[in-house]
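The structure appears below as structure tokens.
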Amino acid sequence: MKVVNNPISKVDGMGLVTGKPAYTDDLTSSNSLIVKVLRSPHAFAKIISIDTSIAEKIPGIECILTYKDVLRKPFTRAGQCYPELSAYDKFLLDEYVRHVGDDVAIIAGRSEKIVDKAMKLIKVEYEKLDPVLDYLSAEDSETIVHPENDIFTNVDVGFNKDKNIACEVNFSVGNLEDTFKKCEKVITKTYKTQAQAQAMMETQRTYTYLDIQGRLVVVTSTQIPFHVRRILSHCLDIPRSKIRVIKPRIGGGFGSKQTAHSEFYPALVTLKTKKPAKIIYSRKDVFRGTTSRHSMKFDIKIGSDSNGIIKAIDMEGLSDTGAYGEHAQTTIGAAGKKVLTLYNKVDAVRFSGKAMYTNRVPGGALRGFGVTQGTYALEATINELAKELSIDPIKIREMNMIKKGETTPLYNMTTKGASDDPMYMDSCQLEYCVSRGKELIKWDEKYPNIKVSDKRVRGVGMAIAQQGSGLPNIDMASASLKLNDDGFFTLMTGATDLGTGSDTILAQIAAEKLKVDVDSINVYASDTDITPYDSGAYASSTTYTSGNAVINAAENMKKLLIKYGAKYFNTKETNIDLLDNYIIRKDNNKRISLKEFSNNMIYDYPHMQLFTTGSYVPKKAAPPYMAGFAEVEVDLETGKVTVLDYVGIVDCGMVINPKLARIQIEGGIMQGIGYSLYEDVKYNENGRLMNDSFMQYKIPSRKDAKNIRVEFAKGFDKTGPYGAKSIGEVVINTVAPAITDALYNACGVRIRTLPITPEKVFLKLNNK
Amino acid sequence: MKINLKINGEKKVFDVSADEYLADTLRKNGYLSVRKGCDTGSCGACTVHFDGKAILSCVMLSLRADGHEITTIEGVTKKAEKIGKYLVDEGVDQCGYCSPGTIMSILYLEKCIENPTDEEILHFMNGNLCRCTGYVGQLRAIKKYLEGKK
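Residue numbers (our numbering), protein chains in the order written: chain B, 17 to 784; chain D, 97 to 246.
As structure tokens, this is what we get:
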């Protein structure tokens, strides 16, 4: 292969780093109305009255909208394929506000200053209601977060709003009770995770205007342009044909932009005033008014024989979906489906999950999407089992984890549309990942700990993980290829590059198939009027699902090039091949460059545009795997945990672009370190966020960067584009359980609630 | 209120309000490389040079720039491209939103510290947050750039 598996640079890299205008706010017109949202100061309240009359009199105010001015039609902001598994439990604006930061009114004016002034002059009288702030007791709460009766779900997900239940997920294999009875060792542990902020550098932002035909154009920083079009069409009650969504460059997403947020407000303003409008979320808007990672609690029971062969796992999960059920079912579901499948030698396994409504900021998508939470709980418990049986944590993995060529009926059970045929994990390189990681971290020398001094001790810990590659039989991607005159191609893709470099790797895939250099492929992405459909950049789908769509489009293009190449050379199609931007007649080695060929095609004969499309939906689970190893140093005087070294070995199949994939791993591990040690979206007793800025909410900074070492397993999945599987999410999943065990191995402190703050460690150290 | 300043070597007169921040003034006047990421002077995306020194333009009032020299990445294109190439070569451009601010800090770093150690680089650049890369790749790129200059 010439182009694939090459560490080429991002096609848009130089433009981005040197600050060229490319992001949503760079593309707005200077006469845009400035839009802001008045947000609720209360966790739960009913609006008794809103008086906007004084605010409206401020010169320069163009419109103020409250729930009385907008259509009442339930919908979900979650970016998922229709019919969504998320409840239709949100309204454009409502008389109830369900979390601090929930939207109350939309204000549009000619300048930010005018809008800020008007916002202060809107008088809202609230009837404060008792909020539900603890998801663990939400089911029995007297308060019902959604008292209204017009909300519903499209699909039966166990939605029971009167008990604050957004959804339930249950599945099982085998007879759990009997199996546990036969086990020689049974342990039960409870692990809890916190809400984490996505903290992408560019906040949500949207610019809207009406085009010359009066259609609504929505330029927005999103991971889901096609879902945004459908969601807007539904809730604004205008046909999809009257909406165009354009995605410019995106300043990071991590799941935050898999839910529509900033799109609604300027769209309403533009429709009402006919004027261009823009909203730029402040960082506070992001914290209070969007989503964060679902907090979850897991009770895990594991049974094994005395040698450590795991026979039964029972995993009961509870998730805090906050005020709205966005991504509630899919995250708690993923916490079981993409976690329990790691241990395929069990006789019985059960997962039961529930997501609860509370009056907190909604849970949403964040890299790992429930799998991170579930992996943390299960892997941490397995490390505890190893400890109780005095077995090396690596040994217990080697005995129990899924290996190449193996399967579990859980893969069939949890893959939509799967037949009964066993789904073998032919490309699984987990064994290699574990053994290579063990070697790199020098496990045998360092496990369990090394004492550095009386005050400092180092420990190592490890975990394994998987994720999906796209969503089989749910999320479809498509791509189109056009051969332009002068011999270059335009690759039109609905896929959305969040900065990960997907435009680049999709160009690599097309170039490889068409036997051209990557510079011959121009990528145009994510414009609902022009590019073909793609579900979006989520669920680790772009390389795998969109990549396969590009392969299909390129195969179709290749067929056309061969067909017309054969006509040109007056020979049969089997005598034609493509090589290095040329069409070649094999028997006599005559060749024509694509440049000359395309100029002929368009200007001479047959006067024809070559244009192809390909679509792809995954049919089979093709999980990437990873083994992660942490070496931490614990300061015994303060309880501070420092991750000195993190080794990640990843099986993502064939690596399309080793350079970009490597940074995905390094970035994911660092995000996981933040999640493990300090990131925590905190609320006070009234349900108000206590850390809604980067001053208070700390993400890892440069000084937290110690050693991160990553390597790839040599892998190939025959269903992937050139053998590739996904990479973006699996990389965050091993970090928390590996650090948790490294800490225990260092000093005997076991923290079962994230994040592992110095306070928690210090208190445990001193209570021993 | 009118302020007179030099931006990227050109004399400019801007009409600003008393409570306006420099990042907003710059963006309003077309210096779109200046990014806002946090509104609280915490992320470094808005880093520009003020009389040659790296500052956070989202927390500096525009009035304070009166009579001073401001440099954005648009004013140091050649140097920025040189550093940018190292970032792109290492794959740590990623979403790119924080990169112009990061490059402005790297330019200031090389002015302030000769042959910095890893620790010094990380400490000096600590105010430039990046959520994509995990920093270790950026450290590799910065070191290669500083090495390549010699």
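Glycine included, C-beta positions come from ideal geometry on N, C-alpha and C. If you're wondering where the values come from, they're calculated on a predicted model, not measured in any experiment.
| Within the 8 angstroms Cβ cut-off, does E727 (chain B) reach chain D? | Cβ-Cβ to chain D under 8 angstroms: no for E727 (chain B).
| field | Cβ-Cβ distance between K177 (chain B) and I203 (chain B) below 8 angstroms | value | Against a cut-off of 8 angstroms, the Cβ pair of I203 (chain B) and K177 (chain B) comes out as no contact.
| Touching or not, the region 209 to 223 of chain B and the region 693 to 700 of chain B, by the rule of three or more beta carbon pairs under 8 angstroms? | Enough Cβ pairs lie closer than 8 angstroms, so yes.
| Ordered along the chain, which non-local residues of its own chain (more than five positions away) have a Cβ less than 8 angstroms from that of M439 (chain B)? | Contacts found: T423, Y427, N428, T431, K636, A637.
| Three or more C-beta pairs below 8 angstroms linking the region 651 to 670 of chain B and the region 599 to 606 of chain B | Touching, no.
| In chain order, what residues of the region 698 to 714 of chain B put their CB closer than 7 angstroms to some CB of chain D? | The region 698 to 714 of chain B vs chain D, Cβ under 7 angstroms: S709, F710, M711.
| field | Where the region 260 to 286 of chain B meets chain D: residues whose CB sits under 9 angstroms from a CB there | value | Flagged, chain order: R265, I266, G267, G268, G269, F270.
| said: Tell me the DSSP secondary structure of Y241 (chain D) in three-state form. | reply: Looking at Y241 (chain D) - three-state DSSP - the assignment turns out to be helix.
| Quick one: what does DSSP say C228 (chain D) is sitting in, helix, strand or coil? | Looking at C228 (chain D) - three-state DSSP - the assignment turns out to be coil, as it is neither helix nor strand.
| task | Go through the region 75 to 101 of chain B residue by residue and report every complete run of the beta strand (DSSP E) that reaches 3 residues or more, in order. | result | Those beta strand (DSSP E) runs which fall completely within the region 75 to 101 of chain B and span 3+ residues are 77 to 81.
| field | Residue-level contact to chain D via CB, K529 (chain B), 8 angstroms cutoff | value | Closer than 8 angstroms: no.
| task | Rank B:K575, B:Y392, B:L499 by C-alpha distance to the C-alpha of G688 (chain B) and give the top, closest one. | result | Comparing alpha-carbon positions, the option among B:K575, B:Y392, B:L499 lying closest to G688 (chain B) turns out to be B:Y392.
| message | Please confirm whether H164 (chain D) has its beta-carbon closer than 8 angstroms to some beta-carbon of chain B. | response | So, not an interface residue.
| message | Give me the chain B residues within the contact set of Y241 (chain D), using Cβ-Cβ distance strictly less than 9 angstroms, ordered along the chain. | response | Simply none; closest approach about 12 angstroms.
| query | Interface residues of chain D around A215 (chain B) at Cβ under 8 angstroms? | reply | Going along chain D in sequence order, the residues near A215 (chain B) (Cβ under 8 angstroms) are R227.
| Residue environment, M97 (chain D), which counts as buried when at least 16 other CB atoms sit within 10 Å | Classification of M97 (chain D): exposed, given that the 10 Å Cβ count is below 16.
| message | Against chain D, does S556 (chain B) count as a neighbour if the rule is that its beta carbon must be under 8 angstroms from one of theirs? | response | So no, S556 (chain B) is outside the interface.
| request: Find the nearest neighbour of L499 (chain B) within the set B:G690, B:G552, B:K734, B:A569, judged by alpha-carbon distance. | output: That would be B:A569, whose Cα lies nearest to the Cα of L499 (chain B).
| Among B:A758, B:N783, B:K36, which one has its Cα closest to the Cα of K403 (chain B)? | Comparing Cα positions, the closest option is B:A758.
| Counting pairs of Cβ atoms below 8 angstroms between the region 368 to 383 of chain B and the region 301 to 312 of chain B, do you hit three or more? | They touch, by the three-pair rule.
| DSSP beta-bridge partners for N465 (chain B)? | According to DSSP, which records beta bridges pairwise, N465 (chain B) is partnered with B:G475.
| query | How big is the Cα-Cα spacing for Y549 (chain B) and L522 (chain B)? | reply | Those two C-alpha atoms are separated by around 15 angstroms.
| field | Neighbour flag for G33 (chain B) against chain D, beta carbons, 8 angstroms | value | Reading off the sequence shown, one finds Val at residue 33 (chain B), where the question assumed Gly. So, interface residue.
| query | Along the region 184 to 198 of chain D, what residues have a CB closer than 7 angstroms to any CB found in chain B? | reply | Within the region 184 to 198 of chain D, the residues whose Cβ lies closer than 7 angstroms to some Cβ of chain B are V184, D185, G187, V188, D189, Q190, C191, G192, Y193, C194, S195, P196, listed in chain order.
| request: Please classify S153 (chain B): is it buried, with 16 or more other beta-carbons within 10 angstroms of its beta-carbon, or exposed? | output: Exposed: under 16 other Cβ atoms inside 10 Å.
| Between I724 (chain B) and the rest of its own chain, which residues show a CB-CB distance below 6 angstroms, the 5 nearest in sequence each way excluded? | Y662, E682, I685, listed in sequence order.
| message | Once DSSP output is grouped into helix, strand and coil, what is the label at R718 (chain B)? | response | Assignment of R718 (chain B) by DSSP, reduced to helix, strand and coil, places it in the helix class.
| said: Distance check for K420 (chain B) and S443 (chain B), CA to CA, integer angstroms please. | reply: Answer to the nearest angstrom: the Cα atoms are 6 angstroms apart.
| Using the rule of at least 16 other Cβ atoms within 10 Å of the residue's Cβ for burial, across every protein chain shown, is S551 (chain B) buried or exposed? | Residue burial annotation: S551 (chain B) is buried, with at least 16 other C-beta atoms found within 10 angstroms of its C-beta.
| task | Determine the chain B residues that contact D111 (chain D) at a beta-carbon separation under 7 angstroms, and present them in chain order. | result | The premise fails here: D111 (chain D) is roughly 13 angstroms from chain B at the closest Cβ pair, so nothing lies under 7 angstroms.
| Which one of B:S69, B:E589, B:I755, B:Q220 has the shortest CA to CA distance from T480 (chain B)? | Per the sequence shown, the amino acid found at residue 480 (chain B) is Ile instead of Thr. The candidate whose alpha carbon is nearest that of I480 (chain B) is B:I755.
| field | Closer than 8 angstroms at the beta carbon, the chain D residues around R678 (chain B) | value | Simply G187, G233.
| query | Quick one, which of B:I743, B:D315, B:P771, B:L252 has its alpha-carbon nearest F107 (chain B)'s? | reply | Nearest in C-alpha terms to F107 (chain B), of all of B:I743, B:D315, B:P771, B:L252, is B:L252.
| request: Measure from the C-beta of D42 (chain B) to each C-beta in chain D and report whether the shortest distance is under 8 angstroms. | output: Yes, D42 (chain B) counts as interfacial toward chain D.
| Does any C-beta atom of chain B lie closer than 8 angstroms to the C-beta of T121 (chain D)? | Interface annotation, T121 (chain D): not in contact with chain B, CB-CB separation never under 8 angstroms.
| task | Could you name the residues of the same chain whose beta carbon sits closer than 8 angstroms to that of E78 (chain B), not counting the 5 residues immediately before and after it, in chain order? | result | Here the set comprises L49, A124, G125, R126, V285, T289, K291.
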